[in-house]
Amino acid sequence: MTMMLSSSTCKAITRLLRPSRASFRRCFTATTVISSSSSTPPPLSLGYVAGLQATNPDNPWNGSFEEAYSTLQQVDPQLLLDFEEDIWQSDGFVFRHSTKGVSVIDRKPYRTGDSSSGNSKGNNKNSEDDDSHNGATRFLVFNNRPKLVQSAIEIEEVILDTTGRETTAMTAVTTATIGRPKHVGAPPPLCGPTATHLGGLALAAPLWMADNNKTLKCSDDNSSKREDIIFHRPPRTIVLGAGGCTIPAVLSLAGCHVTAVEPSDDVREAAIAYFGVKEAGIDLVAGYGEDYLTKKCNHGEIDILIIDAEDGSSAPPKSMREADFWTNLVVPSLAQDAVVAVNLIGSDTERMEIQKTVEMAFGTAGVPCKVWCCMVPKIAEVSDRHSILFVTPLGSSLNVQNISEAVASFNFVDEEMDWLKEIQKAI
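Going by our numbering, the sequence shown opens with residue 93, and the numbers climb by one from there.
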């Protein structure tokens, strides 16, 4: 799952780095460097700062993350520790975990209108009326794309130390004073500083329910809004592109049998350790989406398929936009009356092209279906390049009333009424 950090947060990061650039450059040209053989682990912000510097127009490495990372390993670690302290004091960010590839960052709660929150009243049209998304949050970030948040969840608040003061960034990291996921399986917010419209991918489950006239047996800890829960076989659900498993957790706690596929070792380890994968009962497996769909055990067995994959510049990646992928991998893997949801980023022309490709793949296989795009609710304030492509059975009982009832059966998405309005427009 990918979402852009708020513009105010990006500006805050730029502001924090600006006074440090001169000292960074001095270190790069200094005749003495810190020994790389030190047994002391590097500061947790190493990979993240390397990404920030490599993606900055004024960087000295011509956009090379590898060169930035290598150089930063040799400079005085105190520079990075100072950055961690600055970003804690200014924006409440704490680095919890890092590898060369990914960082897990916690953010303390902010108050609406607080200039250091990165989201003042002037920047959020809903802030005066809604503080529901102002709690502590946890982010998963790819370090080579540090301004994009891959996954986000709500967590427990920052704990105060014995003196009544908030702990510093370094103390918080070493004593783990920022807590566990607050509510595993809660949908990501549609607006606010941790907002992502990709929570809408979870709508694949109520669409499947509405078409098949079924409800799901929810987890005891995440009971449905309705009392008349009827248990049916849980839909076999595959998510290609697990990230921090935010969407898989929503679906698993709603009663789906979820397998999430993620190729990155770093991402899987972070998801298990910091995003509640085990608590949500998700089967998280290693591999690429295309390879997973080739397995014989998947042929004709997948009820819900969610494709949340990207290649850094487009979603889905080019390999998943081509006819061969849909004709030879997707269509054969689906059960009767299956539902597909795809994270789609592109122009109107690109959107029409992939819709045509998908329609031809299902048509060639003799599988009647409806391929349609649901635009993102305006409240999310994302560009119209973002949408969710759905594939639903043709000639089914799918209608707005059935979908509304299915969506109301569980907390699948944030701002569900806004999503239902977009679905009504689309179908």
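Glycine included, every Cβ here is placed at the ideal spot set by N, Cα and C.
{"Query": "Close Cβ partners of Phe417 (< 7 angstroms) along its chain, the five nearest in sequence each way excluded", "Result": "Glu382, Ser411"}
{"Query": "Met444 classed as buried or exposed, judged by whether at least 16 other C-beta atoms fall within 10 angstroms", "Result": "exposed"}
{"Query": "The alpha helix (DSSP H) enclosing Asn494, as first and last residue numbers", "Result": "492 to 500"}
{"Query": "Strand pairing of Ser398, partner residues [DSSP]", "Result": "The sequence shown places Ile at residue 398, not Ser. Ile398 is bridged to Val331, Ala433."}
{"Query": "Cβ shell of Gly139 (< 8 angstroms), same chain only, five flanking positions each side left out", "Result": "Tyr161, Ser190, Thr191, Lys192, Gly193, Val194, Ser195, Asn235"}
{"Query": "Beta-carbon gap between Val432 and Val377 smaller than 8 angstroms", "Result": "no"}
{"Query": "Segment contact, 8 angstroms Cβ cut-off, at least three pairs: the segment 325 to 333 with the segment 358 to 369", "Result": "no"}
{"Query": "Nearest candidate by alpha-carbon position, reference Ala346, set Trp300, Pro485, Thr449, Asp150", "Result": "Trp300"}
{"Query": "As assigned by DSSP and simplified to three states, the class of Gln165", "Result": "coil"}
{"Query": "Euclidean distance between Cα positions of Val499 and Leu171", "Result": "49 angstroms"}
{"Query": "Assumed close pair Phe187, Ser137 - CB separation to whole angstroms, cut-off 8 angstroms", "Result": "5 angstroms"}
{"Query": "Burial state of Asp476, where buried means 16 or more other Cβ atoms lie within 10 Å", "Result": "exposed"}
{"Query": "Pair within 8 angstroms by beta-carbon distance, Gly292 and Cys465", "Result": "no"}
{"Query": "Assumed close pair Asn503, Ala296 - CB separation to whole angstroms, cut-off 8 angstroms", "Result": "That pair is no contact at about 15 angstroms."}
{"Query": "Boundaries (first-last residue) of the beta strand (DSSP E) holding Lys462", "Result": "461 to 467"}
{"Query": "Three-state secondary structure (DSSP) of Glu246", "Result": "strand"}
{"Query": "Buried/exposed call for His391, threshold 16 Cβ in 10 Å", "Result": "exposed"}
{"Query": "Own chain, CB closer than 8 angstroms to Glu514, minus 5 neighbours either side, in chain order", "Result": "Cys466, Met467, Val468, Pro469"}
{"Query": "Distance, Asp403 Cα to Cys337 Cα", "Result": "18 angstroms"}
{"Query": "Identity of the residue in Ser406, Glu497, Pro485, Gly155 nearest Glu442 by Cα", "Result": "Ser406"}
{"Query": "Reference Pro340, options Ala365, Pro355, Tyr366, Ala372, closest by Cα", "Result": "Ala372"}
{"Query": "Whole-number beta carbon distance between Cys348 and Ala472, since they are thought to touch under 8 angstroms", "Result": "No, Ala472 and Cys348 are not in contact; Cβ-Cβ is about 24 angstroms, not under 8 angstroms."}
{"Query": "Asp183 in three-state terms, based on DSSP", "Result": "helix"}
{"Query": "Straight-line Cα distance separating Asp510 from Ile495", "Result": "13 angstroms"}
{"Query": "Check whether Asp400 and Leu332 have beta carbons under 8 angstroms apart", "Result": "yes"}
{"Query": "Per-residue DSSP class, three states only, for His189", "Result": "strand"}
{"Query": "Option in Gln447, Gly379, Gln166, Ser156 with minimal Cα separation from Thr520", "Result": "This structure does not reach residue 520, given that the chain is present from 93 up to 519, and the question cannot be answered."}
{"Query": "C-alpha gap between Leu385 and Ile179, whole angstroms", "Result": "42 angstroms"}
{"Query": "Cα-Cα separation, Lys517 to Asn491", "Result": "12 angstroms"}
{"Query": "Neighbourhood of Ile437 by C-beta distance below 7 angstroms, restricted to the same chain and skipping five residues each side", "Result": "Ser406, Ala407, Arg477, His478"}
{"Query": "Distance between Glu497 and Ser316 (C-alpha atoms, nearest Å)", "Result": "Note that Ser316 scores 41 on pLDDT, short of 50, meaning its location in the model is unreliable and no value can be drawn from it."}
{"Query": "Cβ neighbour criterion (16 or more within 10 Å) applied to Thr456", "Result": "exposed"}
{"Query": "Chain C contact for Ala407 (CB, 8 angstroms cutoff)", "Result": "No chain C is present in this structure, which holds just one protein chain."}
{"Query": "As assigned by DSSP and simplified to three states, the class of Pro279", "Result": "coil"}
{"Query": "Bounding residues of the beta strand (DSSP E) (the contiguous stretch that carries Phe231)", "Result": "229 to 234"}
{"Query": "Rounded distance between the beta-carbons of Glu176 and Pro135, thought under 8 angstroms", "Result": "6 angstroms"}
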